[in-house]
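Asker:
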Amino acid sequence: MKVVVCVKQIPDPNTTGQLDPTTHLLKRDGVEVVIDPGDEFGVEAGLQMVEAQGGEVTVVSMGPERGLDAVRKALAMGASKGVLISDDGLRGSDALTTARVLATAIRREGFDLVITATESTDGYSGVVPQMIAELLDVPAVTFAKTLAVEGTTLKVKRQTEAGFDLVEATLPALVSVTAGVNEPRYPSLKGIMGAKSKPLDRITPTDLGLEGVGGATAGQSITSVEAAPQRAAGTIVKDDGEGYLRIAEFLAEKKVI
Amino acid sequence: MALNKIWVFAEIAGGKPDTVALELLTKARSLGGTVEAVAFAPDAAAAAGDLGAHGATTLYAGTDPLWADLLLGGPAADSLAALVEEHHPDLVLFGMTYNSRDVAGRLAVKLRAPVITNGLDLSDGEGVVVHSSVFGGSLNVATRFEGITPAIAIIKPKSFAAEPSGGGPAAVVQVTTPIAEKHRSARVTERVADVAVGPKLEEAPVVISGGRGLGDSTNFELLDQLAAALGNAAVGASRAVVDAGWVPYAMQVGQTGKTVKPAVYMAFGISGAMQHTVGMKGAKAIVAVNRDENAPIFKLADLGIVGDALKVLPALTEELRKRRS
Numbered sequence: 044m045k046v047v048v049c050v051k052q053i054p055d056p057n058t059t060g061q062l063d064p065t066t067h068l069l070k071r072d073g074v075e076v077v078i079d080p081g082d083e084f085g086v087e088a089g090l091q092m093v094e095a096q097g098g099e100v101t102v103v104s105m106g107p108e109r110g111l112d113a114v115r116k117a118l119a120m121g122a123s124k125g126v127l128i129s130d131d132g133l134r135g136s137d138a139l140t141t142a143r144v145l146a147t148a149i150r151r152e153g154f155d156l157v158i159t160a161t162e163s164t165d166g167y168s169g170v171v172p173q174m175i176a177e178l179l180d181v182p183a184v185t186f187a188k189t190l191a192v193e194g195t196t197l198k199v200k201r202q203t204e205a206g207f208d209l210v211e212a213t214l215p216a217l218v219s220v221t222a223g224v225n226e227p228r229y230p231s232l233k234g235i236m237g238a239k240s241k242p243l244d245r246i247t248p249t250d251l252g253l254e255g256v257g258g259a260t261a262g263q264s265i266t267s268v269e270a271a272p273q274r275a276a277g278t279i280v281k282d283d284g285e286g287y288l289r290i291a292e293f294l295a296e297k298k299v300i
Numbered sequence: 009m010a011l012n013k014i015w016v017f018a019e020i021a022g023g024k025p026d027t028v029a030l031e032l033l034t035k036a037r038s039l040g041g042t043v044e045a046v047a048f049a050p051d052a053a054a055a056a057g058d059l060g061a062h063g064a065t066t067l068y069a070g071t072d073p074l075w076a077d078l079l080l081g082g083p084a085a086d087s088l089a090a091l092v093e094e095h096h097p098d099l100v101l102f103g104m105t106y107n108s109r110d111v112a113g114r115l116a117v118k119l120r121a122p123v124i125t126n127g128l129d130l131s132d133g134e135g136v137v138v139h140s141s142v143f144g145g146s147l148n149v150a151t152r153f154e155g156i157t158p159a160i161a162i163i164k165p166k167s168f169a170a171e172p173s174g175g176g177p178a179a180v181v182q183v184t185t186p187i188a189e190k191h192r193s194a195r196v197t198e199r200v201a202d203v204a205v206g207p208k209l210e211e212a213p214v215v216i217s218g219g220r221g222l223g224d225s226t227n228f229e230l231l232d233q234l235a236a237a238l239g240n241a242a243v244g245a246s247r248a249v250v251d252a253g254w255v256p257y258a259m260q261v262g263q264t265g266k267t268v269k270p271a272v273y274m275a276f277g278i279s280g281a282m283q284h285t286v287g288m289k290g291a292k293a294i295v296a297v298n299r300d301e302n303a304p305i306f307k308l309a310d311l312g313i314v315g316d317a318l319k320v321l322p323a324l325t326e327e328l329r330k331r332r333s
């Protein structure tokens with residue numbers, strides 16, 4: 044079984060993201076970068092799938108050269124091959140461009156199952172997985188809490204507003220996994236050493252036959268970026284054993300008790 | 009871009025539209041032009057009354073029995089794309105829900121149309137402007153659609169209040185586009201609803217959430233007990249404890265969970281990562297209890313108690329019980 048997992052390198056989500064005031068692009072300089080924590084669940088789900096079914100996991104990523112670290116981490120976890128698509132022209136790409144580039148690379152690798160996170164932790168547009176599926180002309184089973192394959196049928200427990208749905212789809216298909224779907228493994232020392240000799244394709248959109256992608260987003264422009272208004276400073280007190288009384292009085296003041 | 013026609017995509021369950029569709033219709037009315045709705049469900053036509061009462065003059069309804077079990081994204085995007093090409097709306101609005109997001113993303117590919125997600129407000133200023141917030145709500149961004157129609161916007165639930173327009177039922181136009189064979193294999197085989205106790209998280213006037221600082225999943229009982237003492241509260245959680253498997257995902261408040269705007273939000277043992285605060289900073293008042301006085305949650309709190317949530321919780325519950333009796 045051929046599983047392709049999409050990963051993204053993002054600024055450390057524990058630091059506050061900032062937009063460049065003139066280009067309106069995410070500032071990446073001087074910021075620690077990590078593999079998107081959401082993607083580690085996808086890599087783990089892919090590895091568990093091929094451990095159960097046989098086959099191999101390819102990881103595909105689009106982003107600056109620094110994105111290699113994310114791909115290498117996935118290789119160290121156990122993926123067999125990595126593909127990184129980089130190009131200066133891809134800076135500031137919108138969801139549709141990102142999906143086009145990733146879908147083209149995925150099709151080139153061949154796949155039975157594509158696994159993504161539900162959204163990236165930095166940009167979180169939350170529509171790239173569905174767009175990739177549309178471009179590949181396969182079903183997208185999004186927000187998977189569990190997944191399994193029986194024969195050529197993908198079986199997913201899918202998050203809903205009310206609870207969950209049990210969903211079935213015929214492979215090939217795309218599935219997006221929620222955080223917490225599994226416990227991502229830590230790369231072993233052997234895995235880290237072995238990752239260095241695994242195939243790693245570093246390509247550009249041109250290599251994929253995509254000319255002139257990226258750049259300014261068609262059909263929309265950012266007209267303003269402003270710091271959100273701060274809440275007025277509140278009262279912060281050390282609990283002297285009667286903190287609970289302060290809260291009770293506060294609730295009474297707000298008329299909720 | 010003149011707004012002659014705005015469409016709202018509605019999800020239907022049991023003949024009723026989802027609340028976010030009514031919220032979007034209410035907002036769409038204020039932007040001018042004709043407001044219409046689109047829905048795909050065997051009983052979609054039954055929603056014409058509710059949708060009409062909130063401003064939709066027409067409901068394009070796909071009522072094939074197959075819609076009952078199909079995974080919505082693929083076939084709904086197909087049918088919607090055909091309708092768009094026939095009727096030319098300027099703007100198509102979706103709620104930021106699991107299913108609507110699937111439809112909107114695929115529709116954007118089909119139409120090569122721009123899509124803006126995570127919207128919190130809409131305005132008309134030389135084109136439709138979508139207002140959203142990024143980086144955990146620290147920055148507000150306004151994005152204008154230009155040139156390409158239709159524009160597609162995905163708006164978070166609760167961004168607007170749903171208000172009836174006093175209008176009669178929407179005129180139902182049957183959608184007859186057949187559902188392509190390739191979409192029929194992806195199906196919902198069973199729907200399971202979590203058994204909810206007490207008010208819904210999104211609707212409760214008081215929300216009590218717990219995080220890692222509670223130490224252990226069993227301590228979530230302390231939140232349930234406080235909620236019971238309050239009587240009007242729902243219990244939520246941070247992503248960290250949902251990821252750790254302490255409580256179900258349905259309880260998660262934050263970017264990847266639910267957005268809540270209660271009268272009072274109480275955070276126990278939650279540090280206040282952006283992932284969480286984006287889902288609760290709209291609360292009218294915020295109470296936080298955390299051992300770490302430098303926890304970012306205290307920057308948002310109207311009342312902050314630096315202390316052990318495990319000590320404060322039972323004492324508060326007992327105090328509220330006393331006051332009630």
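Sequences listed follow chains A and B, in order. Residues 44 to 300 (the working numbering) are what the first sequence spells out, left to right. Residues 9 to 333 (the working numbering) are what the second sequence spells out, left to right. All C-beta atoms, glycine included, are put in the ideal place defined by N, C-alpha and C. Bear in mind that the values here come from a model prediction, so they are computed numbers and not experimental data.
Can you name the start and end residues of the alpha helix (DSSP H) that H191(B) belongs to?
Answerer: For H191(B), there is no enclosing alpha helix (DSSP H), since its DSSP letter is neither H nor E.
Asker: Examine the Cβ distances between the region 66-77 of chain B and the region 96-107 of chain B and report whether three or more of them are shorter than 8 Å.
Answerer: no
Asker: Beta-carbon of V100(B) versus every beta-carbon of chain A: anything under 8 Å?
Answerer: no
Asker: Determine, using beta-carbon pairs with one atom in the region 300-311 of chain B and one in the region 192-207 of chain B, whether at least three such pairs fall under 8 Å.
Answerer: no
Asker: Looking at the structure shown, is G284(A) part of a helix, part of a strand, or coil, going by DSSP?
Answerer: coil
Asker: Given a limit of 9 Å on CB to CB distance, which residues of the region 63-94 of chain B reach chain A?
Answerer: L79, G81, G82, A85
Asker: Whole angstroms are fine: how far does the CA of F84(A) sit from the CA of S129(A)?
Answerer: 23 Å
Asker: Measuring CB to CB, does I14(B) end up less than 8 Å from V43(B)?
Answerer: yes
Asker: Between which two residues does the beta strand (DSSP E) containing N148(B) stretch?
Answerer: N148(B) -> beta strand (DSSP E) spans 147-153.
Asker: From which residue to which residue does the beta strand (DSSP E) around A132(B) run?
Answerer: Strictly speaking, residue 132(B) in this sequence is Asp, with Ala absent from that position. 123-132 is the extent of the beta strand (DSSP E) around D132(B).
Asker: For A194(B), go through chain A and note every residue whose CB falls closer than 8 Å to its CB, in chain order.
Answerer: P182, V184, V210, E211, A212, T213, A216
Asker: Nearest-angstrom Cα distance between A238(A) and T101(A)?
Answerer: Near 12 Å, if we compare the C-alpha coordinates of T101(A) and A238(A).
Asker: Around the C-beta of G81(A), are 16 or more other C-beta atoms found within 10 angstroms, so that it is buried, or is it exposed?
Answerer: buried
Asker: Going along chain A in order, which residues have a C-beta closer than 7 Å to the C-beta of D58(B)?
Answerer: In chain order: nothing, as chain A lies at least about 18 Å away.
Asker: Any beta carbon of chain B sitting closer than 8 Å to that of E269(A)?
Answerer: Interface annotation, E269(A): in contact with chain B, CB-CB separation under 8 Å.
Asker: Opposite S267(A) in the DSSP bridges: which residues?
Answerer: A150(B).
Asker: List the whole-angstrom C-beta distance separating L33(B) from H62(B), where the pair is believed to meet the contact cut-off of C-beta under 8 Å.
Answerer: 4 Å
Asker: Our contact map puts I279(A) next to G312(B) with C-beta atoms below 8 Å; I'd like the distance itself, whole angstroms only.
Answerer: 4 Å
Asker: Assign L156(A) to one of two classes, buried (16 or more other C-beta atoms within 10 Å of its C-beta) or exposed (fewer than that).
Answerer: buried
Asker: Contact defined as beta carbons within less than 8 Å: I believe G6(B) pairs with L318(B). What is the distance between those atoms, to the nearest angstrom?
Answerer: This structure gives no information on residue 6(B), because the portion of chain B shown stretches from 9 to 333.
Asker: Apart from the five residues on each side of it in sequence, which residues of its chain come closer than 7 Å, Cβ to Cβ, to R289(A)?
Answerer: V280
Asker: Can you find a CB in chain B that lies within less than 8 Å of the CB of A291(A)?
Answerer: yes
Asker: Got a sec: does the ligand SAH put a non-hydrogen atom nearer than 7 Å to the Cβ of G280(B)?
Answerer: Only the bare structure without any ligand can be found here, which leaves the ligand SAH out of the picture.
Asker: Counting along the chain, where does the beta strand (DSSP E) carrying D82(A) start and finish?
Answerer: That residue, D82(A), is in no beta strand (DSSP E); its alpha helix (DSSP H) goes 80-96.
Asker: Taking only the alpha-carbon atoms, compute the straight-line gap between P322(B) and F153(B) and give it to the nearest angstrom.
Answerer: 52 Å
Asker: Going along the chain, which residues of the region 103-114 of chain B sit with their C-beta nearer than 9 Å to a C-beta in chain A?
Answerer: M104, T105, Y106, N107, R109, D110, V111, A112, G113, R114
Asker: Identify whether Q283(B) lies in helix, strand or coil by the three-state DSSP scheme.
Answerer: helix
Asker: Please state whether DSSP places T197(B) in a helix, a strand or coil.
Answerer: strand
Asker: Listing by chain order, which chain B residues have their CB less than 9 Å from the CB of F154(A)?
Answerer: None at all; the shortest Cβ gap to chain B is about 16 Å.
Asker: Taking buried to mean at least 16 other C-beta atoms within 10 Å of its own C-beta, is R143(A) buried or exposed?
Answerer: buried
Asker: Would DSSP call Y68(B) helix, strand or coil?
Answerer: strand
Asker: I'd like to know whether the C-beta of L30(B) is nearer than 8 Å to at least one C-beta of chain A.
Answerer: no
Asker: Could you check which residue in D51(B), Y257(B), L234(B), A69(B) has the C-alpha nearest to that of V16(B)?
Answerer: A69(B)
Asker: Inspect the beta-carbon positions of A187(A) and V126(A) and report whether they are closer than 8 Å.
Answerer: no
Asker: Could you name each continuous beta strand (DSSP E) segment of 3 residues or more that falls completely within the region 44-113 of chain B, going from the start of the chain to the end?
Answerer: 66-70, 99-103
Asker: Thinking C-beta only, is V272(B) closer than 8 Å to L294(A)?
Answerer: Between L294(A) and V272(B), the gap from beta carbon to beta carbon is short of 8 Å.
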